[in-house]
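Worksheet: the structure to be examined is printed underneath.
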Amino acid sequence: VIAVGGTDQNDNRFDSSFGTWVDVAAPGKDILTTCIDPENSYCSVSGTSFAAPQVSALAAMLFAQNPNWTNQQVRDRIEQTAEKIPGTGTDWVHGRINVNTALSKNILKISAVGTGDLSGYPELHLRIDDEVVKTIPHVKGDPTVFPYPEYNFGLPSSIQPSQVKVEYVNDAPLINRDLY
Numbered sequence: 038v039i040a041v042g043g044t045d046q047n048d049n050r051f052d053s054s055f056g057t058w059v060d061v062a063a064p065g066k067d068i069l070t071t072c073i074d075p076e077n078s079y080c081s082v083s084g085t086s087f088a089a090p091q092v093s094a095l096a097a098m099l100f101a102q103n104p105n106w107t108n109q110q111v112r113d114r115i116e117q118t119a120e121k122i123p124g125t126g127t128d129w130v131h132g133r134i135n136v137n138t139a140l141s142k143n144i145l146k147i148s149a150v151g152t153g154d155l156s157g158y159p160e161l162h163l164r165i166d167d168e169v170v171k172t173i174p175h176v177k178g179d180p181t182v183f184p185y186p187e188y189n190f191g192l193p194s195s196i197q198p199s200q201v202k203v204e205y206v207n208d209a210p211l212i213n214r215d216l217y
């Protein structure tokens, strides 16, 4: 069982059960779905009843992609690739699911660890073969205190660790990288 909370389009908690017993969050506000109303074929609905199926669908896709995985391996992938959003650690344990990253064969996990100052909210750039492929615009957190700011990126399976470079644009805390 994975307990699911709901978020709005800004990753804020929305109409949701919350607490450290909730494992992950998923979008739960203004979800487009089919309607019974004959005038409209689609309508916007909200609630955790629309967040939980997204986590179930991700689990099903992971099982389809990895038929030999156990339930625990699927759960671990969902939790390890969740985005750390506001409320992580208080409203839910692991963050909001990230389908793209969870389904990627290569996942780059980046932790900002060191003595650098993040008070200016620097940009974080992920480069592959010197081309910026991903930018996190406002990195927040304290790189000297656990839990460190952390981000996960899905990468094509053809990418080797030697091709990947991570850099801060403003400040330069040390970066731990793990490709798994």
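Counting from 38, one number per residue, gives the positions in the sequence shown under my numbering. For each residue, glycine too, the CB sits at the ideal point set by N, CA and C.
- Straight through space, the alpha carbons of residue 163 and residue 42 are spaced by roughly 29 angstroms.
- From the listed residues 195, 125, 133 and 139, the smallest Cα separation to residue 166 is found for 195.
- Bridge pairing for residue 44: 50 and 64 [DSSP].
- A straight line joining the alpha-carbon of residue 137 with that of residue 114 spans about 12 angstroms.
- A direct Cα-Cα distance of roughly 23 angstroms separates residue 88 from residue 103.
- Sorting 73, 116, 68 and 107 by C-alpha distance to the C-alpha of residue 81 places 68 at the top.
- Of the residues assessed, residue 60 falls on the buried side of the cut-off, its CB having 16 or more other CB atoms within 10 angstroms.
- When secondary structure is reduced to three states using DSSP, residue 86 falls in the helix class.
- As computed with DSSP, residue 133 is found in a beta bridge with 62 and 120.
- Between the segment 120-136 and the segment 39-58, the count of Cβ pairs shorter than 8 angstroms is three or higher; the stretches touch.
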